[in-house]
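Engineer: Numbering (the numbering used here), first residue to last: 1 to 255. Glycine is no exception: its CB is placed at the ideal position from the N, C-alpha and C atoms.
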C-alpha cells in the first residue's frame, strides 16, 4: 500500500515510516498539514495516489479534523487512520463520522500500527467479496477489458464486458448496472457522451472513468456528469476495488 504519514513531529514520522517500509509498504511523510492536500492531489494527478493516510489530530496551522473535512469535501479517494494523544472520545467520534477507518492512541505501538493497516486492507477485500455488484466494463481495448473482468471476477463481482459505447447503451436498456467502468476515449462514441446517454436510460449507478495520459481535463468533465471518480492507466486493481466499494453507495443518491 502507498501510505502518507502526517505529523508535525518528524521523529514520529520517521519511526512510523521505517516500520511501514519494513512491512513492504511505500511510505512517505509530511510534517506540515497545510501541504497535505496538494500532495494528495499531485499524487492523484500523476496516477499514483495514496491508499492510506495516517493523520495526527493535533497539528499547527491546520488540525487533523479540519484537514479530514477538506479531504472529504474534495472527494479524495483515500482511507484515513487518525492518531491522537489526548484520548478525547468526541474527537474520535467526529473523525469516524468523517469516514476515518480507525484510530491509534499515542504513543503509537508498532504492533497496533501494523494491525490497523492490515485490518484496513482486509476490510476492503472482505467488503468486495461480500457485495456482488453488477459491473459493466466498457473499453475498446479488449485485452484491458479481459484483465479487469478476470481480476474483478476473482473478487466476487458479476462483471460484463462491452467494447463500444453502442454495445454499452444496448446493455443498459436491457439490464441493471450498479457500477460502470468506462474508458474516456473510444471510437465513434466517447466516454463522456456515453455516460450522459446512460444517465438518460437509468441514473441509478456509480461511474468510474478510465483515463490515459493527458486526459485530466476530460476526466474532470466526467465528474460534472456524475462520475464518482476516475482512474489513470495503468490500472491498479487495489485502487479500482477501493473506488467500487466507496462509489457504489452513491448509486442511491442518483435515484
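(1) State the Cα-Cα distance for the pair residue 256 and residue 163, rounded to the nearest angstrom.
(2) Any idea if residue 18 is buried or exposed, counting beta-carbon neighbours within 10 angstroms, 16 or more meaning buried?
(3) Indicate whether at least one CB of chain C lies closer than 9 Å to the CB of residue 170.
(4) Between 4, 207, 102, which has its C-alpha nearest residue 48's C-alpha?
(5) Judging by CA-CA distance, which residue of 227, 203, 158, 201 is the nearest neighbour of residue 210?
(6) Give the list of continuous alpha helix (DSSP H) stretches no shorter than 4 residues that lie fully inside the segment 183-233.
(7) Which of the three DSSP states is assigned to residue 98 in this structure?
(8) So residue 6 and residue 34 are in contact, right, with Cβ under 8 Å, and what is the actual spacing, rounded?
(9) Looking at the strands, I want to know which residues DSSP matches up with residue 162.
(10) Taking DSSP's pairing of strands, which residues face residue 103 in a bridge?
(11) Which of the three DSSP states, helix, strand or coil, is assigned to residue 63?
(12) Compare the beta carbon distance of residue 134 and residue 176 with 9 Å and say whether it is the shorter of the two.
(13) Within 8 Å, do at least three Cβ pairs link the segment 188-198 to the segment 153-170?
(14) When you compare only the Cα positions, how much space is there between residue 30 and residue 193?
(15) If we count the other Cβ atoms within 10 Å of its Cβ and call it buried at 16 or more, is residue 255 buried or exposed?
(16) With a cut-off of 8 Å, do at least 3 Cβ pairs link the segment 98-118 to the segment 71-80?
(17) Helix, strand or coil for residue 23? Go by DSSP, reduced to three states.
(18) Who does residue 30 pair with in a DSSP beta bridge?
Structural biologist: To lay it out plainly:
(1) Given that the chain is displayed from residue 1 to residue 255, the structure contains no residue 256 and the question cannot be resolved.
(2) Here residue 18 is taken as the residue at index 18 of the chain shown, counted from 1. By the neighbour-count definition (other C-beta atoms within 10 Å, threshold 16), residue 18 is an exposed residue.
(3) The structure shown contains no chain C; it holds only a single protein chain.
(4) Stepping through the chain shown from its first residue, residue 48 is reached at position 48. Closest by alpha carbon: 4.
(5) As a working note, residue 210 is residue 210 in the chain shown. Taking only the C-alpha atoms, the option nearest residue 210 is 227.
(6) Listed in chain order, they are 191-201, 216-224.
(7) Position 98 of the chain shown holds residue 98. Collapsing the DSSP output to three states places residue 98 in coil.
(8) As a first step, residue 6 must be located in the chain shown, where it is residue number 6. As a first step, residue 34 must be located in the chain shown, where it is residue number 34. Contact doesn't hold; Cβ gap of about 11 Å is too wide.
(9) Taking the chain shown and counting its residues from 1, one reaches residue 162 at position 162. Residue pairing by DSSP puts residue 162 in a beta bridge opposite 138.
(10) Numbered from 1 along the chain shown, position 103 holds the residue referred to as residue 103. Its beta-bridge partners are 82.
(11) Along the chain shown, one-based indexing puts residue 63 at 63. Coil at residue 63, not helix or strand.
(12) Numbered from 1 along the chain shown, position 134 holds the residue referred to as residue 134. Numbered from 1 along the chain shown, position 176 holds the residue referred to as residue 176. When the beta-carbon positions are compared, residue 134 and residue 176 come within less than 9 Å of each other.
(13) With a cut-off of 8 Å, the segment 188-198 and the segment 153-170 count as touching, because enough Cβ pairs lie within range.
(14) Here the question's residue 30 lines up with position 30 in the chain shown. Here the question's residue 193 lines up with position 193 in the chain shown. One Cα belongs to residue 30, the other to residue 193, and the distance between them is close to 40 Å.
(15) Translated into positions along the chain shown, residue 255 becomes position 255. At residue 255, the pLDDT of 37 sits below 50, so the modelled position is not reliable; the number obtained from the coordinates is stated separately. Exposed: under 16 other Cβ atoms inside 10 Å.
(16) The segment 98-118 is in contact with the segment 71-80.
(17) For the purposes of this step, residue 23 is taken as residue 23 along the chain shown, with counting starting at 1. It is coil, neither helix nor strand.
(18) Position 30 of the chain shown, counted from the start, is the residue given in the question as residue 30. Its beta-bridge partners are 6.
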